[in-house]
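Asker: Sharing a structure, written as structure tokens. Questions coming.
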Amino acid sequence: MKKAFLSTGLLLITILILPLFISPFLVYLSTEILVFAIFAMSLGLIMGFGGMPSLGHCALFGLGAYTVAILSEYTANIYLLLGAAILISLCFSIVTGYIAIRNKGVFFLMITLAFTQVLFLITSRMKFWGGNDGYSASVTANFGFGEITSNMGLFYMMGFFFVLSYFLLKLFVNAPAGKVLKGMMENEGRMIALGYNPKTYKMIAYLIAGSMAGLAGGLYIYKTQFVSPALFSVHMGAEVMIMVFIGGLGTVFGPALGAGAFVFLQNYISTMTDRWPLILGLLFIAIVLLKRGGILHLIQFVTTFGLKLFKPSRSRNAPVDKQVKGKEQAS
Amino acid sequence: MTLLKIEDLNKSFKALHILKDVNIEIKKGERHVIIGPNGAGKTTLFNCIYGTLPLSSGKVYLAGDRIDHIPSFKRTEKGMGRTFQKNNLFEELTVEENVRLAIMGKKKYRLNMIKPMQNYTDLAAECRRLLEEWEMIDRRAVLVKELSYGEQRLLEIILSLSTNPEIILLDEPTSGMSPTETSRFVKLIKKIPESITLVIIEHDMEVVFSLANKITVLHHGTAMMTASPEEIRGNQMIQEIYFGGGALSHD
Amino acid sequence: MEFFIANTVSGLAYAMLLFLMAAGLSIIFGLMKIMNLAHGSFFILAGYVAYTFSRSGMNFWLSMVLAVIVISIFALIIEKLFISRVHGSETDQVLLTVGLVFVLGDLALWIWGGNFLSIPVPAIFDFSLDFAGMTFPAYRLFVIAMGILFAFVLWYFEAKTRVGMIVRAGVDDMEMVSALGFNVKIIFSGVFIFGAALAAFGGVLSGPILGMYPMMEWEILVNSMIVVIIGGLGSWKGAFIASMIVGFVDIFGRIYMPTFAMAFIFILMVAILMVKPTGLFGRVES
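Read top to bottom, the protein sequences are chains V, P and A.
For the first sequence, our numbering gives the first residue as 1, with consecutive numbering after it.
For the second sequence, our numbering gives the first residue as 1, with consecutive numbering after it.
For the third sequence, our numbering gives the first residue as 1, with consecutive numbering after it.
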């Protein structure tokens, strides 16, 4: 608990002072990064802690975005709009999760992907909501203390939700339910033998991730003012997946870092070449073949290595000799 | 009192009839060892009792309740524990975390999503007690994958004990151990209180006869006989077909 | 009625193309436990390659044979270079094959551009059959015949040949097959290439009907995945029946309710999964 508060506090301060040090364009870009960070962290939860690879996680993001865009015709109340975005995504998660979680691994992936493809085709053929051309909405955030119109204001708004999501996820993964989930990913058979029902914990994680992705989608509209079926495309699903990987699978914060790196890179590279998908694909392949962890793993490695240099190590597997003896006996 | 009752259990994979009309009754407090040559269907029998595999036909009762149709995790809730033939642990977690996860399976707060797991003092205390009892307390902070093989086998048993079972299915607890480790391990198994019934699959005859007070011989998928160790020792037929006559000579 | 029958022919032709895709996807997964998301890329690349051959003056059949050979060799390289390194890790498989789809898709865009391309219908089938007052494009009937022929070939291969027997045993228990002394590496490569060749064949066949366009690989992949989900992983029989269902629902859905065509398939898929989570012919996992 203390750790979660500490890291959240640090993150909060970073977000607060960051705009002082970076250019207005980067503030603008960071707004997008923060939204995708929430989205990527939610996928990071089910992939890195639940072992559920999903190429269709963008469905929940897209649903959140479409919900806010469509409902903004009727109300401007941001609490209602974001609430609705979360609720719709949650409902969709309940239905899809109920069906997909009965199956493991590849089947899970295929089913979630199929669901997403359906949303893609429906939205692209729905002339009423713009079809393939997408749908413009004009939404302004107002939490009851003035309209947020500046880039800076939006940055802080996204920053707030990002820190909140981070904090909640951090609590979850350290709490019993989160630990059970992780144990399930490592060794499901044993968890069952210990009396845990795997579906319950996977479903909980899936619902949390779904609502969070819905929230991210809802927030996304406040930045872009525009939705299109591309939100449901496999490309979108694959992009958020790569964010999780380059950031660090199996960590809470890693995917957020990955989102940062990804959005930054994408903006940078797209100005230079049209071959972004090619580069992205090569990045995927490289990550698999090099068998390296993400950015956060690298940072963790460097810091623990650095600490070891300065501190005489109080190793946690102190009785080394005993251990070696045990191994000799076994062989 | 009969605790576990297996009635006319059949299991087949396609054309292979692995278990044929198996009937076994296991009384409370028994140390019931199941022996039989490789391929006799011992592990399949465990998987059927525990629900890892569905039965082809037959019934399984635990303390009078039929359990053959309920999912495995519910059998654990009903007081059945098991260990696995190959070590089946959380290798990336520490010993302590393994045991905590195991103990938590019975706790209501296992679904809590906010309070950190390490803040539950009762969990920590129970875990400590268990690790002290089984002389693993020094190793509590070691990652499981760094434990010796024997220690991992012991942890298997500790994990299954932490769910407060009435009965534990031990699948070859001493497999892969050196003779010294085995004899030490047998002493540890003997420490398990009488209130917990043990069903054990075992190959090592020395282990079998030092633990068992009842033995079932499984041969080609049928429970050939269930009897006391003395009777099994004295039975000529069993001697010949299973022990090949001389297997007990070093005894 | 005429309308119905004419569309039945379209639906069946589409179903056969899906079947050729899904059968490979399903067998590769069943045997190798590899989820090859790049399978759709083989399908569309074969179309593009055949297009190039036929543009250079070759006839349809020669372009088809060459395209299938090119894609098979390509698949062998992919298998040796990449797929063989990700056995056992589903996440790695997904990541790797998604990466391949991106790379191949973008390369295709680079080489062949983003316009809709199609292969001309081969001359001998460039006519229509008149029957009972209705006209049927001969090429579609040919595609249907090819699909049925391949279903039969697959059945024969699986049920009657030694290789088929090994493959069948391997789907159940690969360790056993390897313990019996068969070379698993060769079996894997063979199955992977065979699956890719099936997809390539389907891709060329579909050239005159569906054509080739960017992102098509995803569309055909997802549809054949739905086929596999409905039919059950590792079962080509399931793939055959499910592709008929999906083909029909897709074609008729497009005509009667264009917006929700996919939704029908999807509701069907959900309904089947509720009753049998492993699909119609999927084996129950032990």
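Ideal Cβ placement from N, Cα and C applies to all residues, glycine included.
Would you mind reading off the limits of the beta strand (DSSP E) that contains P277(V)?
Answerer: Looking at the DSSP string, P277(V) is not in any beta strand (DSSP E); the run it does join, the alpha helix (DSSP H), is 276–290.
Asker: The stretch 158–181 of chain V: which residues have C-beta closer than 8 Å to a C-beta of chain P, in chain order?
Answerer: L171, F172, N174, A175, P176, A177, G178, K179, V180
Asker: Beta carbons nearer than 8 Å to chain V: which residues of the stretch 64–87 of chain A have them?
Answerer: Of all residues in the stretch 64–87 of chain A, only F82, R85, V86 come within less than 8 Å of chain V when Cβ atoms are compared, listed by chain position.
Asker: Beta-carbon of E186(V) versus every beta-carbon of chain P: anything under 8 Å?
Answerer: yes
Asker: Look at the Cβ atom of S224(A), then the Cβ atom of L45(A), and state whether they are nearer than 8 Å.
Answerer: Cβ distance not < 8 Å, so S224(A) and L45(A) don't count as in contact.
Asker: Taking Cβ-Cβ distances below 7 Å as the criterion, which residues of the stretch 61–75 of chain P are in contact with chain V?
Answerer: S72, F73
Asker: Go through its chain and collect everything with a Cβ distance to Y48(A)'s Cβ below 8 Å, but skip five positions before and after it.
Answerer: A108, I111, W112, L117, M212
Asker: From what residue to what residue does the beta strand (DSSP E) around L149(A) run?
Answerer: Where L149(A) is concerned, there is no enclosing beta strand (DSSP E), although the alpha helix (DSSP H) it sits in stretches over 138–160.
Asker: Does the Cβ of M191(V) have 16 or more other Cβ atoms within 10 Å, making it buried, or fewer, making it exposed?
Answerer: With 16 or more other Cβ atoms within 10 Å, it is buried.
Asker: Let me confirm a value: T123(V) is counted as buried when at least 16 other C-beta atoms fall within 10 Å, else exposed. Which label applies?
Answerer: Around the CB of T123(V), 16 or more other CB atoms lie within 10 Å, so the residue is classed as buried.
Asker: Which residues, in chain order, does the stretch 93–110 of chain V contribute to contact with chain A at a C-beta distance below 8 Å?
Answerer: Answer in chain order: I99, R102, N103, G105, V106, F107, L109, M110.
Asker: Taking 8 Å as the CB-CB cut-off, is E172(P) touching chain V?
Answerer: no
Asker: Hey, would you say L43(V) sits closer than 8 Å to V240(V), going by beta carbons?
Answerer: Yes, the pair counts as a contact, with Cβ atoms nearer than the cut-off.
Asker: Do you know how far the Cα of E135(P) is from the Cα of P319(V)?
Answerer: Caution is warranted here: a pLDDT of 40 is assigned to P319(V), below 50, making its placement in the model unreliable, and the coordinate value is therefore given only provisionally. P319(V) and E135(P): Cα-Cα distance of roughly 14 Å.
Asker: Starting from L198(P), trace the alpha helix (DSSP H) both ways and give me its first and last residue.
Answerer: No alpha helix (DSSP H) holds L198(P); the beta strand (DSSP E) holding it covers 197–201.
Asker: Have a look at M126(V) and I251(A) and give me their C-alpha separation to the nearest angstrom.
Answerer: 18 Å
Asker: Give the range of the alpha helix (DSSP H) segment to which Y256(A) is assigned.
Answerer: 236–256
Asker: If the cut is a Cβ gap below 7 Å, which residues of chain V does A102(P) touch?
Answerer: L194
Asker: Taking D106(A) as part of the alpha helix (DSSP H), name the residues at either end of that continuous run.
Answerer: 90–112
Asker: What residues from the stretch 282–299 of chain V come within 9 Å of chain A, judged by C-beta to C-beta, listed N to C?
Answerer: Taking 9 Å as the Cβ-Cβ cut-off against chain A, the residues of the stretch 282–299 of chain V that qualify are L282, L283, F284, I285, A286, I287, V288, L289, K291.
Asker: Can you tell me where the alpha helix (DSSP H) holding T216(P) begins and where it ends?
Answerer: Per DSSP, T216(P) belongs to no alpha helix (DSSP H); it is in the beta strand (DSSP E), 214–219.
Asker: Please report how far the alpha carbon of L273(P) lies from the alpha carbon of I13(V), in whole angstroms.
Answerer: Not covered by the structure: residue 273(P). The range shown for chain P is 1 to 251.
Asker: By how many angstroms is the C-alpha of D122(P) removed from the C-alpha of Y220(V)?
Answerer: 44 Å
Asker: Could you name the residues that DSSP lists as bridge partners for K27(P)?
Answerer: T2(P)
Asker: Using C-beta distances below 8 Å, list every residue in its chain close to Y109(P), excluding the 5 sequence neighbours before and after it, in chain order.
Answerer: K115, Y120
Asker: May I ask you to verify whether the stretch 154–174 of chain A touches the stretch 9–17 of chain A, counting CB pairs closer than 8 Å and requiring at least 3?
Answerer: Touching, no.
Asker: Along the chain, where does the beta strand (DSSP E) that runs through V60(P) open and close?
Answerer: 57–62
Asker: Closer than 8 Å by C-beta to Y50(P): which residues in its own chain qualify, once you throw out the five before and the five after it? Chain order, please.
Answerer: S72, R75, M80, R82, L169
Asker: Is L210(A) near the ligand FMN, judged by its Cβ being under 7 Å from some heavy atom?
Answerer: Of ligands this structure carries none, so the ligand FMN is not represented either.
Asker: Under a three-way DSSP split, which group does F182(A) fall into?
Answerer: coil
Asker: Would G64(V) pass as a contact of G159(V) if the rule is Cβ separation under 8 Å?
Answerer: It is not a contact, given that the beta carbons lie outside the stated cut-off.
Asker: Quick one, are the C-beta atoms of G99(A) and G281(V) less than 8 Å apart?
Answerer: Going by C-beta atoms, G99(A) is nearer than 8 Å to G281(V).
Asker: Which value, in whole angstroms, describes the spacing of the CA atoms of V171(A) and A259(V)?
Answerer: 39 Å
Asker: I'd like to know if G50(V) contacts chain P, where contact means its C-beta is closer than 8 Å to some C-beta of that chain.
Answerer: With 8 Å as the cut-off, G50(V) does not count as an interface residue toward chain P.
Asker: Rank A15(P), E133(P), K11(P) by C-alpha distance to the C-alpha of N23(P) and give the top, closest one.
Answerer: Ranked by Cα distance from N23(P), the options A15(P), E133(P), K11(P) are led by K11(P).
Asker: Which residues mark the beginning and the end of the alpha helix (DSSP H) in which P7(V) is found?
Answerer: Before going further, note that residue 7(V) is Ser rather than Pro in the sequence given. Looking at the DSSP string, the run of the alpha helix (DSSP H) that includes S7(V) is 2–21.
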